[in-house]
Structures are given as C-alpha cells and as structure tokens.
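Take a look at the structure below.
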Amino acid sequence: MELSLSRSHGTVMAAAGPAGTQLGADIERIPADLFAGFDDYVLAPEERTGPGMAEPPESSPHGDVTARIALWVAKEAVLKAAGLGLALDPATVSLVDASGAPAPVPGAHVQATGTGHPSVDGLLAAGVPAPPGYLAAVAGREGVPGQSVPLSALFS
Numbered sequence: 005m006e007l008s009l010s011r012s013h014g015t016v017m018a019a020a021g022p023a024g025t026q027l028g029a030d031i032e033r034i035p036a037d038l039f040a041g042f043d044d045y046v047l048a049p050e051e052r053t054g055p056g057m058a059e060p061p062e063s064s065p066h067g068d069v070t071a072r073i074a075l076w077v078a079k080e081a082v083l084k085a086a087g088l089g090l091a092l093d094p095a096t097v098s099l100v101d102a103s104g105a106p107a108p109v110p111g112a113h114v115q116a117t118g119t120g121h122p123s124v125d126g127l128l129a130a131g132v133p134a135p136p137g138y139l140a141a142v143a144g145r146e147g148v149p150g151q152s153v154p155l156s157a158l159f160s
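In the working numbering, the protein residues as written are 5 to 160.
Put into structure tokens, the structure is as follows:
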C-alpha cells in the first residue's frame, strides 16, 4: 500500500493506494495573504496570466489568493506523487487542462507537464473536498480510481 500524508494548521489528510502507485496529497489553509515572491516560486510563466491570475486587485497584492493556493496544493501533490517533493522547483511544473490551456482553478482536474521529468510529466491532479478555509488536492497516474472516505468511516 502507498500512503501520502499532509497537514496544515491542525488539519490532516491522507491518500492511500495500491503498492507501487504514484500517489500524492496536499492540504493547505488558505492564508489572508501570500509571501513576497510566491508567484515566482510556485507559478510557471504561463500560469501567471491564467484564470484568476490577472493583475492583482488593489485589495490584495497577490491577486486571487485562493486560485494561487489551488495551484500550489495541486503542484505539491504532483511533486509528492513523483517522489521528488520540493527538490524540483514548483515553477518548472505547468498544470494544464485537457486542451493544454493553463489550468482553471480551484479544484480542476489537471495534468503536469513541461518539466522533462518522466516521473512528473503526465501526472494528474484534482482538487478534493476540504474543510472550510482549506484547499486540498490528490495526484497520481491516469486510471487510479479515487474515493473519498470520511475518517469516521475508517473507525466505525
């Protein structure tokens, strides 16, 4: 069995799959603001002008924080599934929709591309349900079935 765990501010998520499955999970609390340089660290150049990424409104120096965190959790799930984690620069990973366009966010089904790493390129990620104020995603190869199971069901 493969297991991927993530935690953020006291909230935990886990994803499990068959042995040998590339699997990654990430959950993050949506912050009020992002650190300086977030876009440079996380977003591929083409993602910086994608949906929700246009010029930041005056009310937030980082534009749509939720859209950016949605990309972050998807990328971190992909990098965990690849077994690389943050050893690979997240900005080298492009997330695209089925047509190859920059990923719509949040919660979209997306594919990783552009890294030149066979363990990363082609991985799929999708947003999954998370508690209010959080975003979460899981990633794996095509054909891996998914099912959401509440924690209470595991212990009953």
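Just so you know, even glycine gets a beta-carbon here, dropped at the ideal spot from N, CA and C. Treat the numbers as computed from the prediction; the structure is a model and nothing was measured.
Endpoints, the beta strand (DSSP E) within which residue i is located
i: Val97; result: That residue, Val97, is in no beta strand (DSSP E); it is neither H nor E in DSSP.
Spatial distance of residue i from residue j (CA atoms)
i: Gly126; j: Val77; result: 17 angstroms
i: Glu146; j: Leu128; result: 7 angstroms
i: Gly118; j: Ala95; result: 10 angstroms
i: Pro133; j: Pro106; result: 22 angstroms
i: Glu80; j: Gly89; result: 7 angstroms
i: Glu62; j: Gly144; result: Because Glu62 sits at a pLDDT of 44, beneath the cut-off of 50, its placement in the model cannot be relied upon, and the following sentence gives the value as read from the coordinates. Distance between the alpha carbons of Glu62 and Gly144: 37 angstroms.
i: His66; j: Glu51; result: Because the pLDDT of His66 is 47, which lies under 50, any placement of that residue in the model is unreliable, and the question is left without a value.
i: Thr70; j: Leu99; result: 16 angstroms
i: Val124; j: Asp93; result: 12 angstroms
i: Ala18; j: Ala86; result: 16 angstroms
i: Glu6; j: Pro35; result: 30 angstroms
i: Ala48; j: Leu75; result: 10 angstroms
i: Phe39; j: Thr25; result: 33 angstroms
Where residue i falls: helix, strand or coil (DSSP)
i: Ala34; result: Checking the displayed sequence, the identity of residue 34 turns out to be Ile instead of Ala. Of the three classes helix, strand and coil, the one that applies to Ile34 here is coil, per DSSP.
i: Leu47; result: coil
i: Thr53; result: helix
i: Leu27; result: strand
i: Leu139; result: strand
i: Leu88; result: coil
i: Phe39; result: coil
Residue interval of the alpha helix (DSSP H) (run including residue i)
i: Glu80; result: 69 to 85
Beta-bridge pairing of residue i - partner residues as DSSP gives them
i: Leu128; result: Gln115, Gly144
i: Val153; result: None; Val153 has no bridge partner.
i: Leu9; result: Ala18
i: Pro106; result: Val100
Using a Cβ distance threshold of 8 angstroms, determine whether the region 17 to 32 contacts the region 134 to 141, with at least three qualifying pairs required.
Verdict: yes, contact present.
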